[in-house]
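Engineer: Numbering (the working numbering), first residue to last: 12 to 62.
Pasting in a structure now, in structure tokens, and then I'll have a few things to ask.
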Amino acid sequence: MERRSFKRFRPREMHKAVCADCGKECEVPFKPQEGRPVYCWDCWKKRQGRE
Numbered sequence: 012m013e014r015r016s017f018k019r020f021r022p023r024e025m026h027k028a029v030c031a032d033c034g035k036e037c038e039v040p041f042k043p044q045e046g047r048p049v050y051c052w053d054c055w056k057k058r059q060g061r062e
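This is the structure in structure tokens:
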């Protein structure tokens, strides 16, 4: 059996954003784009149940 080495991942770069639902400041692991809503973790989880 072949041994595989696991690459170490560097920490994600976090970006500040404002949640489109509740208006709280939050940090997301991607660069927010103008015109696209960003949600905090709590609001994102709530929205997952709607679809």
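A virtual CB, placed ideally from N, CA and C, is assigned to each residue, including glycine.
I need the straight-line Cα distance from residue 120 to residue 51, nearest angstrom please.
Structural biologist: The structure shown does not extend to residue 120, since the chain is modelled only from 12 through 62, so no value can be given for it.
Engineer: Could you tell me the boundaries of the alpha helix (DSSP H) in which residue 54 lies?
Structural biologist: That run of the alpha helix (DSSP H) goes 52 to 59.
Engineer: Leaving aside the five residues before and after residue 85 along the sequence, list all residues of the same chain whose C-beta is less than 8 Å from its C-beta, in chain order.
Structural biologist: Residue 85 is absent from the structure shown; the chain starts at 12 and stops at 62.
Engineer: How is residue 49 classed by DSSP in three states: helix, strand or coil?
Structural biologist: Coil, per DSSP.
Engineer: Since I believe residue 49 is in contact with residue 30 (beta carbons under 8 Å), could you give me their beta-carbon distance rounded to a whole number of angstroms?
Structural biologist: Going by Cβ atoms, the distance from residue 30 to residue 49 rounds to 7 Å, so yes, they are a contact pair.
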